[in-house]
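Since the structure comes first, as structure tokens, the remarks are kept for the end.
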Amino acid sequence: MAQITLPASKTATGASLDWKKWIGVTPFFLFAILFLILPSLRLFIGSFTDNEGRFTIANVLQLFEQRSILDAYWLSIRISAVTAIAGGIFGFLLAYAVTIGGLPRPLRTTLITFSGVASNFAGVPLAFAFVATLGRTGIVTAILRDVFHVNIYQAGFNLYSFLGLSLTYMYFQFPLMVLIMAPALDGLKREWREAAENLGASSLQYWTRIALPVLLPSILGAMILLFGNAFGAYATAYALTGGAMPIVTIQIGAQIRGDVLHNPGLGYAMAMGMVFIMAISLAGYSWLQRISERWLR
Amino acid sequence: MAATYLGKVAAMITRLRRIPFWSWFWFLLGTLYFILPLYATLEFSLEMERDRISLLAYERAFADPEFIETFVYSNLLAIATIIISIILIVPTAYWIRLRVPEARRIVEFITLLPFVIPAIILVFGLIRIYSSPVQVPLTDITLLQPLTNFNLGTNILIVAGYMVLAMPYMYRSVDTGMRTVDVRTLTEAAQSLGASWLTIIARVILPNIRAALLSGALLTFAIVVGEVTLASFLGVPAFGPYLFLLGQHRAYEPAALSFTSFLLTWLAMGIIQLVTGGQGQAAGAH
């Protein structure tokens, strides 16, 4: 497929060489087509096909009409945005603390290692860990009740709710922010700060006029990545709430198990809507990353 | 009198200011967030016997034959995924570096696609494609039964799915590894000594990027061993779905296994930190 795009070579031998050198990457393309492109394409085509196999855009339009689908998207977007912003701010502050915040060097290595672990610790074990922490009989619940006399469950808290799921997602969200922001904060040049101070700028002025504007694209980019990270999550939410929180991934899971929407095409369209949002967030991330590379590194 | 007092206070404030209060504050808060759920899981897992701390939950959990079966099976899946990924990706990255640099952009684009297509969407597509027989295009001639209908077929599907999930990390590890060694010079040296392509890749390139391979492999391991989404929808007897079901009707054993799987993730990431010199990476099977 790709060799067609190559410029025609001057000689016949050159042409055959050009063609042959693509053989080395053929297995990779074959694999990608079979197990990544074809399955995605099947869902894409399916979302524009009605039950009789004809082309239609009704499925896509119906995404915006059916209440339960809109609610699922909205819930997923809210939960992803909240954990991306909160996890982003918290992760940034942590990354700041261990890079230029004046903490001893060994703490940095510890935090980065822990972040690597925590950002990979998800799914069923994470859900169980949070049940043991913030569930009805969880340790933190008990400490708050016995030591601080605050019964969070009587106060309306529930682990199997928006707040509970968000707190659980935070466990892999802010470590990811630490991993992305630590190198970016390292990229801030000491000379900028010295130059600002020589010109009489205060610490606040340095941060608002120099450091934050330089860091802003990578902060925003990282938060967008966090958004996508939460948006695509399935196992953690399913293990924690067992389907009680109808986010998009859970709804798609139900659709795969047994056509709950009573319209296969609508299910495909729902999946494609998700891919669309993920694609936009990844594009936004890589765009902001390119901007930030102008200054950092 | 008042002046010396003020002076002392001022001196104390300067000393306090040298201690980065807010840095410590955020660091301790972060540490608490990391530690508390793990501590809670650990404590809970040790409380199976009344009024006594014991490892009973661990003993029970590890003794369950179904645990052993699913855990071994998931580890086999991880090993298969790692080996086939290396066989697929190392020659591709090598060939791109040496012969077809113009393929770099498209290959990198493809390796990033799994970030756009979450596991739940991937398994949706895989099931829809491979639950019908494989036919010669435009005819009714059947080449292959539906892959989801027999064991080997399902195993092929799930390993392929895991290879897709691990592809961004594996490709980036391998590519970074090759950037640090001079692939071209190594190849020319090996060729001038009469080595074949296979020998070059297996005996020259692979040993030179072993740190990168190890880090890619361990990340893949961390993704695959506890994975739930692909495993449960393809209906394979893997560790992730087993742990999920165990959590439905048991309390202490799942906590014990959760803590164990955290230790495994920690071990894998710790080794990665060691071999890559602190360049942390994040994967995601959330």
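These protein sequence lines map, in sequence, to chains A and B.
The first sequence begins at 1135 in this note's numbering and counts up by one.
The second sequence begins at 166 in this note's numbering and counts up by one.
Here a beta-carbon is modelled for each residue, glycine too, at the ideal position from N, C-alpha and C.
As the structure is a prediction and not an experimental result, all values here were calculated from the model.
The segment 1326-1339 of chain A and the segment 1358-1376 of chain A do not touch, with fewer than 3 CB-CB distances between them shorter than 8 Å. Contact annotation: the segment 201-212 of chain B touches the segment 1253-1263 of chain A, with at least three C-beta pairs closer than 8 Å. Here the alpha carbon of B/Ser-423 sits roughly 17 Å from the alpha carbon of B/Glu-234.
DSSP places B/Thr-385 in the uninterrupted alpha helix (DSSP H) bounded by 375-390. Pairing A/Phe-1255 with A/Phe-1308 gives a Cβ-Cβ distance that is not under 8 Å.
The beta-carbon of A/Thr-1217 is placed no less than 8 Å from the nearest beta-carbon of chain B. For the pair A/Ala-1373 and A/Ile-1384, the CB atoms are not nearer than the 8 Å cut-off.
The alpha helix (DSSP H) runs lying completely inside the segment 1305-1364 of chain A and spanning 4 residues or more are 1324-1332 and 1337-1340, given in chain order.
Nearest C-alpha to A/Gly-1362 among A/Asp-1205, A/Leu-1204 and A/Ala-1413: A/Ala-1413.
The contact set of B/Gln-438 on chain A, defined by CB atoms closer than 9 Å, consists of Thr-1243, Ile-1246, Thr-1247 and Gly-1250 in chain order. B/Tyr-259 has its alpha-carbon roughly 12 Å from the corresponding atom of A/Lys-1155.
Membership of A/Leu-1430 in any alpha helix (DSSP H) is not indicated, and neither H nor E is assigned to it by DSSP.
By the rule that beta-carbons nearer than 8 Å mark a contact, A/Lys-1323 does not touch chain B.
In this structure, the alpha-carbon of A/Leu-1278 lies about 7 Å from that of A/Asn-1285. The Cβ atoms of A/Met-1315 and A/Thr-1217 do not sit closer than 8 Å to each other. Annotated three-state conformation of B/Gln-300 is strand, per DSSP.
The three-state secondary structure of B/Leu-358, taken from DSSP, is coil. Nearest C-alpha to A/Met-1404 among A/Pro-1173, A/Gly-1180 and A/Ile-1167: A/Gly-1180. For B/Val-369, no CB of chain A lies under 8 Å from its own CB, so it is not counted at the interface with that chain. B/Glu-224 has its alpha-carbon roughly 52 Å from the corresponding atom of B/Ala-268. Following the DSSP letters along the chain, one finds B/Thr-319 inside the alpha helix (DSSP H) bounded by residues 316-345.
Between A/Pro-1238 and chain B, the shortest Cβ-Cβ separation is not below 8 Å. Judged by beta-carbon spacing, B/Leu-395 lies beyond the 8 Å limit of B/Ala-243, meaning their Cβ atoms are not closer than that value.
Under a criterion of Cβ atoms nearer than 7 Å, the residues of chain B adjacent to A/Val-1409 are, in order, Val-281, Ile-282 and Ile-286. DSSP places B/Leu-308 in the uninterrupted beta strand (DSSP E) bounded by 307-309. In the structure shown, A/Phe-1189 falls within a strand segment according to DSSP collapsed to helix, strand and coil. The three-state reading of DSSP puts A/Thr-1183 in strand, counting E and B together. Taking a 10 Å sphere around the C-beta of B/Val-174, we find fewer than 16 other C-beta atoms and assign the residue as exposed. In this structure, the beta-carbon distance from B/Leu-291 to A/Pro-1173 falls below 8 Å. Judged by beta-carbon spacing, B/Leu-287 lies within the 8 Å limit of B/Val-329, meaning their Cβ atoms are closer than that value. The beta carbons of A/Tyr-1402 and A/Leu-1177 sit about 5 Å from each other, so the pair counts as a contact at 8 Å.
It is roughly 16 Å from the alpha-carbon of A/Pro-1380 to the alpha-carbon of A/Asn-1292. The shortest C-alpha to C-alpha distance from B/Pro-256 to any of B/Ser-219, B/Thr-352, B/Arg-217 and B/Ser-210 is the one to B/Thr-352.
Close partners of B/Thr-341 in chain A (Cβ separation under 7 Å) are lacking, with about 14 Å as the shortest Cβ gap. Taking 7 Å as the upper bound on Cβ-Cβ separation, chain A lies near residues Pro-419, Ala-420, Ser-423, Ser-426, Phe-427, Thr-430, Trp-431, Met-434 and Gly-435 of the segment 413-435 of chain B.
Around B/Ser-297, the same chain offers Pro-311 as residues with beta carbons nearer than 7 Å, after the five sequence neighbours per side are excluded.
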